[in-house]
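Input: a single structure, listed below in structure tokens.
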Amino acid sequence: MAFTNEQMERYSRHIILQEVGVKGQKKLLNSKVLIIGAGGLGAPAAMYLAAAGVGTIGIADADEVDLSNLQRQIIHGTADVGKAKVKSAKETMNAMNPDVTVNTYRTFVTSENIMDLIKDYDFIIDGTDNFPAKFLINDACVMAKKPFSHAGIIRFKGQLMTYVPGEGPCYRCVFKNPPPKDAVPTCKQAGVIGAMGGVIGSLQAMEAIKYIIGVGDLLVGKLLTYDALTMQFRTVKLPKADGKCAVCGDHPTITELIDYEQAECDGK
Ligand SMILES: [Zn+2]
């Protein structure tokens with residue numbers, strides 16, 4: 004595949020990088036990334052991946068754009084209120100880069116559909132905002148041997164880690180089980196500073212890009228936390244993959260996907 008003149012210009016700032024080059028840009032154009040959740044995290048992640056020329060981007064979300072989303076979900080505009088988030092996201096990504104094929108899935112991820120959703124993708128981005136979805140994505144990615152980026156944001160705080168099969172702990176190795184329903188406030192109840200999605204969602208896009216190109220160190224076996232009020236990034240080294248982990252351990256007890264009961268939380 005030879006680049007057109009337009010592509011050479013569009014991706015020139017990538018191509019000039021020794022770590023990317025024509026080879027890396029071709030890898031991006033041939034790659035497939037699935038973003039689950041077109042909200043605070045998924046919006047910036049989707050925009051940077053589209054801009055970077057990730058050739059196929061899937062986006063899964065069941066919701067419609069709400070006015071209260073716009074403070075942080077910058078892929079949607081005021082005119083998109085009431086529109087399906089996946090449709091609004093696709094329009095923004097297509098307008099940004101015609102090289103990108105956007106596949107939309109207007110659905111919540113469940114134990115019934117997630118294996119089918121993730122199977123054709125090289126890397127998964129967890130842009131969801133609730134624990135049942137986060138554990139479901141982890142367990143499905145472990146079972147399907149798919150790498151993924153986990154992230155969470157609330158108030159002025161954010162965190163992320165990356166799972167690569169066979170290379171480090173999974174989300175469940177670290178966090179074991181979802182907290183009891185309603186034990187943890189949602190963003191709707193607790194609030195979140197809008198730019199937090201931009202910081203952490205962009206870092207998720209960065210992890211996907213590095214994974215695809217095969218450069219640098221991923222947040223595998225590491226948890227990055229960000230406190231916007233003190234402006235501190237910390238990277239905590241995590242213990243190795245837990246041999247007793249219920250899903251990725253030597254004798255897994257979770258062999259079927261679980262739909263945990265969801266707290267009242269809708270990404271709004
Ligand atoms: Zn594990």
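The letter at position 112 of the sequence shown is residue 115 when you use the working numbering, and the numbering goes up by one with no holes.
Cβ atoms here follow ideal geometry from the backbone N, Cα and C, with glycine treated the same way.
Could you tell me which uninterrupted beta strand (DSSP E) segments, each at least 3 residues in length, are contained entirely in the stretch 91-156, listed from first to last along the chain? 104-108, 126-129
Close Cβ partners of Gly-27 (< 6 Å) along its chain, the five nearest in sequence each way excluded: Ile-216
So, using beta-carbon positions, are Ala-48 and Gly-171 closer together than 9 Å? no
Return helix, strand or coil for Gln-265, following the three-state DSSP convention. coil
Going by beta carbon distance, what residues of the same chain come within less than 6 Å of Ala-154, once the five residues before and after it are set aside? Excluding its 5 nearest sequence neighbours in each direction, Ala-154 has C-beta neighbours in its own chain below 6 Å: Leu-44, Leu-163, Ile-203, Gln-207, listed in chain order.
Under the DSSP definition of a beta bridge, which residues are partnered with Val-239? Leu-226, per the DSSP bridge assignment.
In the DSSP assignment, find the unbroken alpha helix (DSSP H) run with Ala-211 in it and report its ends. Annotation for Ala-211: the continuous alpha helix (DSSP H) segment containing it runs 197-216.
In whole angstroms, give me the CA-to-CA distance for Thr-110 and Thr-258. 24 Å
One question on the structure: do Lys-148 and Pro-135 come within less than 9 Å of each other, judged by their Cβ atoms? no
In this structure, how does DSSP classify Ala-87 when only helix, strand and coil are distinguished? strand
Is Tyr-166 helix, strand or coil by DSSP? strand
Helix, strand or coil: how does DSSP classify Arg-75 here? coil
At 4 residues or longer, and completely inside the stretch 43-77: list those alpha helix (DSSP H) runs for me, N to C. Qualifying alpha helix (DSSP H) stretches, in chain order: 45-55.
Does Lys-93 pass the burial test, meaning 16 or more other C-beta atoms within 10 Å, or should it be called exposed? Under a 10 Å Cβ-count criterion, Lys-93 is classified as buried, with 16 or more other Cβ atoms of the shown protein chains found around its own Cβ.
Report whether the distance from the Cβ of Asp-220 to the nearest heavy atom of ligand 1 is below 8 Å. no
Is Cys-251 a contact residue of ligand 1, with contact defined as CB to any heavy atom under 8 Å? yes
With distances taken Cα to Cα, identify the nearest neighbour of Ala-5 among Leu-20, Glu-22, Lys-30, Thr-104. Lys-30
Are the stretch 63-72 and the stretch 30-42 in contact at 8 Å, needing three or more beta carbon pairs? yes
Mark Gly-270 as exposed unless 16 or more other C-beta atoms lie within 10 angstroms of its C-beta, in which case mark it buried. Confidence at Gly-270 is low in this model, with a pLDDT of 42, below 50, so the placement of that residue should be treated as unreliable; the coordinate-derived value is given next. Flag for Gly-270 reads buried.
Just checking Val-145 against ligand 1 - is the residue's beta carbon closer than 8 Å to any of the ligand's heavy atoms? yes
Between the CA atoms of Arg-13 and Cys-268 - distance to the nearest angstrom: Residue placement at Cys-268 is flagged as unreliable, the pLDDT there being 47, under the threshold of 50; the coordinate-derived value follows with that caveat. Rounded to whole angstroms, Cys-268 to Arg-13 spans 39 Å at the Cα level.
Residue nearest to His-254 in terms of C-alpha spacing, selected from Asp-245, Gly-85, Leu-260, Ile-261: Asp-245
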